[in-house]
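**Student:**
Protein chains: 2
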Amino acid sequence: MTPKTPSKAGHSSSDSHRVPMREFSRSLPMALLRAREAVMRQFRPSLRQHGLTEQQWRILRALAAVDAIEVTELAHVAFLLGPSLSRILRDLEARHLIERKVAKTDLRRAVVSISAKGLKLIELVAPTSEAIYAAITRRYGARKLAELQDMLRALEDGLAGLGAPEEGGAEPDE
Amino acid sequence: MTPKTPSKAGHSSSDSHRVPMREFSRSLPMALLRAREAVMRQFRPSLRQHGLTEQQWRILRALAAVDAIEVTELAHVAFLLGPSLSRILRDLEARHLIERKVAKTDLRRAVVSISAKGLKLIELVAPTSEAIYAAITRRYGARKLAELQDMLRALEDGLAGLGAPEEGGAEPDE
DNA sequence: AGGAAGTAATTAACATGTTAAATGGTTCGG
DNA sequence: CCGAACCATTTAACATGTTAATTACTTCCT
Chain A
16 MTPKTPSKAG HSSSDSHRVP MREFSRSLPM ALLRAREAVM RQFRPSLRQH GLTEQQWRIL
76 RALAAVDAIE VTELAHVAFL LGPSLSRILR DLEARHLIER KVAKTDLRRA VVSISAKGLK
136 LIELVAPTSE AIYAAITRRY GARKLAELQD MLRALEDGLA GLGAPEEGGA EPDE
Chain B
16 MTPKTPSKAG HSSSDSHRVP MREFSRSLPM ALLRAREAVM RQFRPSLRQH GLTEQQWRIL
76 RALAAVDAIE VTELAHVAFL LGPSLSRILR DLEARHLIER KVAKTDLRRA VVSISAKGLK
136 LIELVAPTSE AIYAAITRRY GARKLAELQD MLRALEDGLA GLGAPEEGGA EPDE
C-alpha cells in the first residue's frame, strides 16, 4: 500500500563523501528539537482553535501569574527575544487581551498586564491544556518526567557560561 | 551583579488573578526549549562566521552522509517542513553548495546532492563544531548525555500516537 | 547645565515555522 | 484513453527567530 520503501535511490549508507562527523540523528540539538516538537504537536491544535500561537499563549500565561510586569522582565520570563515580544504585544493589545502603560518613574519602560478578556480566554483554554499535559505525564511517567526536567535544567545550567564571555572579566587573548 | 531582584512591582506572588495552571517555568515545552537554546547558543556563532544558519547546516550535513536524496526524504531526515526546505534549497543551490536534478522515473521528484564546494565548506566547519560538541559532552558527562538522549527518544516515541488519528485504525478510547 | 555614554523598547531586514492553496505530474478506474 | 483522485514540490501568507540599527529617555561625568 504505502510505497514508503526507502532503500532505493541508490544504496543504504553510500559514503562516497565522508566527513568525520557525528551521525546527526544522534546530535543533542536534534534530539531536543524532536522531543519538543513531539510535545508541542499535542498542544498546538487546541491553541489554534482559540486563535492563539504558542508564544502568545506563553505570554498570556506569564501575565496571568502577576499583577503587572515590565516588558524586559516579561521577555526573560516567557523566554522570548525583544523584537518578537514587541510584535506580539502589539497584536495582543490590538485584540484587547492585554493592557499596557508607561512606567511613571522611567518613561522608557512599559508595564504590561492581562485584561479581563485575556483572563477569560485563559480560563477557556486552560482545562484542555492541563488535560493534555496530564495525558503526557501519564504516558511518560510522572517520576521519569521529573527526572527529565532535572536533567534538562542541569544541562542548561552547565552550559550557562561556556562560550559566553563573563562580563567584567577580561578575555585572555583573542 | 544581576539586578534580577523580583519581589518588587507590587509583591512577590501577587495572585490577584489566579487561574489553575502549572507554574510555567516548570512546563516541559519550556524546559526543552531552554535546554535546546542553551546548546544552540554554543554553535550559532561558529556557523554564523561561515555564513550558515542552523538549518542550512543541518541540510548540508545530511547531504554529506549520502550520495543523493529526494527532497521529501531529506525533509524527514533534517526534520524540516516542506516549505522551509524548499526555500533553503533554493538558496543553497544559488550559492552552488548543492546540486539538484529531477528524478528520471518520476518528474515530480527532485534529487539533491552536495557539491564539491559544499563539501569543502563542511570540512571547514566540522572541526570547530565537533570541538564544541566535545566540550559540551565533557561538561555534562558522556554517560549522562547518553541517558538524556535515551529519555528524549522515549518521550518522542511515547507521544508518537497520542493526538494523531491513526489512519485506517479506529481509536478505541484511551 | 550639557553632552557622552548607557538603557528600554521598537523597527528593520532577512531566515525559518506553520498552515493552506496552487502547480505539475502520476495512477487508477471505467 | 480520460477524468478523478492522489502525490511531490513549490508558492502564498502570516507569525516568530535572530541580529543590527533606531528612537526615546535616563545617567553620569566634568
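Which chain is which? The protein sequence lines are A and B, in order. If you want this note's numbering, it's the position in the first sequence, counting the first as 1, plus 15. If you want this note's numbering, it's the position in the second sequence, counting the first as 1, plus 15. Backbone N, C-alpha and C define an ideal beta-carbon position, used for all residues, glycine too.
1. Give me whichever residues DSSP pairs with residue 127 of chain A in a beta bridge.
2. Assign residue 71 of chain A to one of two classes, buried (16 or more other C-beta atoms within 10 Å of its C-beta) or exposed (fewer than that).
3. At least one CB of chain A closer than 8 Å to the CB of residue 86 of chain B: is that the case?
4. Going by alpha carbons, who is nearest to residue 79 of chain B out of B:160, B:38 and B:112?
5. Under 8 Å, Cβ to Cβ, is there at least one residue of chain A near residue 57 of chain B?
6. Between the beta-carbon of residue 37 of chain A and the beta-carbon of residue 148 of chain B, is there less than 8 Å?
7. According to the neighbour-count rule (16 or more other Cβ atoms, all chains shown, within 10 Å of its Cβ), is residue 57 of chain B buried or exposed?
8. Determine the DSSP secondary structure at residue 194 of chain B, reduced to helix, strand or coil.
9. Which residues bound the alpha helix (DSSP H) around residue 165 of chain B?
10. Using C-beta distances below 6 Å, list every residue in its chain close to residue 62 of chain A, excluding the 5 sequence neighbours before and after it, in chain order.
11. In chain A, what lies closer than 9 Å to residue 151 of chain B by C-beta?
12. Let's test the definition: count the other Cβ atoms within 10 Å of the Cβ of residue 126 of chain B and tell me whether it reaches 16, buried, or not, exposed.
13. Excluding five sequence neighbours on each side, which residues of the same chain lie with their C-beta closer than 8 Å to the C-beta of residue 17 of chain B?
14. I want to see whether chain B comes within less than 8 Å of residue 160 of chain A, judged by CB atoms only; does it?
15. Answer yes or no: does any C-beta atom of chain B fall closer than 8 Å to that of residue 71 of chain A?
16. If you draw a straight line from the C-alpha of residue 128 of chain A to the C-alpha of residue 48 of chain B, how long is it?
17. Please report the residue range of the alpha helix (DSSP H) in which residue 58 of chain A lies.
18. Hey, is residue 105 of chain B's beta-carbon within less than 8 Å of any beta-carbon in chain A?
19. Using a Cβ cut-off of 7 Å, pull out every chain A residue sitting near residue 77 of chain B, in sequence order please.
20. Measure the Cβ-Cβ separation of residue 45 of chain A and residue 94 of chain B and say whether it is below 8 Å.
21. Taking 7 Å as the line, does the beta carbon of residue 167 of chain B fall inside it for any heavy atom of the ligand HEM?
22. Taking residue 54 of chain A as the query, report the chain B residues whose CB atoms sit under 7 Å from its CB, ordered along the chain.
23. Between the beta-carbon of residue 166 of chain B and the beta-carbon of residue 136 of chain A, is there less than 8 Å?
24. So, at 6 Å on beta carbons, what are the nonlocal neighbours of residue 83 of chain B in its own chain, with the 5 sequence-adjacent residues on each side left out?
25. Compute the Euclidean distance between the alpha carbons of residue 170 of chain B and residue 118 of chain A, then round it to the nearest angstrom.
**Tutor:** Result, derived from the coordinates:
1. Locating residue 127 of chain A in the first sequence gives position 112, where the first residue counts as 1. Residue 127 of chain A is bridged to A:84 and A:115.
2. Along the first sequence, one-based indexing puts residue 71 of chain A at 56. Classification for residue 71 of chain A: buried.
3. Your numbering for residue 86 of chain B matches position 71 in the second sequence. Taking Cβ atoms only, chain A never reaches closer than 8 Å to residue 86 of chain B, which makes this a no.
4. For the purposes of this step, residue 79 of chain B is identified with residue 64 of the second sequence, where counting begins at 1. Residue B:112 is the option with its Cα nearest to residue 79 of chain B.
5. Looking up residue 57 of chain B in the second sequence gives position 42. Residue 57 of chain B counts as touching chain A.
6. Here residue 37 of chain A refers to the residue found at position 22 of the first sequence. Here residue 148 of chain B refers to the residue found at position 133 of the second sequence. Result yes, Cβ atoms of residue 37 of chain A and residue 148 of chain B sit closer than 8 Å.
7. Taking the first residue of the second sequence as position 1, residue 57 of chain B is located at position 42. Residue burial is scored here from C-beta neighbours: residue 57 of chain B has at least 16 other C-beta atoms within 10 angstroms and is therefore classed as buried.
8. Given a span of 16 to 189 for chain B in the structure shown, any question on residue 194 of chain B remains unanswerable.
9. The count along the second sequence starts at 1 and reaches residue 165 of chain B at position 150. Annotation for residue 165 of chain B: the continuous alpha helix (DSSP H) segment containing it runs 157-173.
10. Translated into positions along the first sequence, residue 62 of chain A becomes position 47. So the qualifying residues of the chain are 72.
11. Start at 1 with the first residue of the second sequence, and residue 151 of chain B comes out as number 136. Near residue 151 of chain B (Cβ distances below 9 Å), the residues of chain A are 43, 170, 173, 174 and 177.
12. For the purposes of this step, residue 126 of chain B is identified with residue 111 of the second sequence, where counting begins at 1. Buried.
13. Here the question's residue 17 of chain B lines up with position 2 in the second sequence. Unreliable placement is indicated for residue 17 of chain B, whose pLDDT of 37 sits below 50; the coordinate value is still reported in the next sentence. Answer for residue 17 of chain B: no residue qualifies.
14. Mapped onto the first sequence, residue 160 of chain A falls at position 145. Judged by the 8 Å Cβ criterion, residue 160 of chain A is in contact with chain B.
15. Residue mapping note: residue 71 of chain A aligns to position 56 of the first sequence, counting from 1. Not an interface residue.
16. Position 113 of the first sequence, counted from the first residue, corresponds to residue 128 of chain A. Position 33 of the second sequence, counted from the first residue, corresponds to residue 48 of chain B. Distance between the alpha carbons of residue 128 of chain A and residue 48 of chain B is about 24 Å.
17. Here the question's residue 58 of chain A lines up with position 43 in the first sequence. Per DSSP, residue 58 of chain A is one residue of the alpha helix (DSSP H) stretching across 43-64.
18. Translated into the one-based positions of the second sequence, residue 105 of chain B becomes position 90. No, no contact with chain A.
19. Walking along the second sequence from the start, residue 77 of chain B turns up at place 62. Those within 7 Å of residue 77 of chain B in chain A are 39.
20. Mapped onto the first sequence, residue 45 of chain A falls at position 30. Mapped onto the second sequence, residue 94 of chain B falls at position 79. Contact: yes.
21. With respect to the ligand HEM, the structure offers nothing, as it holds no ligand at all.
22. The residue you call residue 54 of chain A lines up with position 39 of the first sequence. Residues of chain B with a Cβ closer than 7 Å to the Cβ of residue 54 of chain A are, in chain order, 43, 44, 47 and 174.
23. Indexing the second sequence from 1 puts residue 166 of chain B at position 151. Indexing the first sequence from 1 puts residue 136 of chain A at position 121. No, Cβ-Cβ distance for residue 166 of chain B and residue 136 of chain A is not below 8 Å.
24. Taking the first residue of the second sequence as 1, we reach residue 83 of chain B at position 68. Only 126 and 128 meet the Cβ criterion.
25. On the second sequence, position 155 is the one that residue 170 of chain B refers to. On the first sequence, position 103 is the one that residue 118 of chain A refers to. Distance between the alpha carbons of residue 170 of chain B and residue 118 of chain A: 44 Å.
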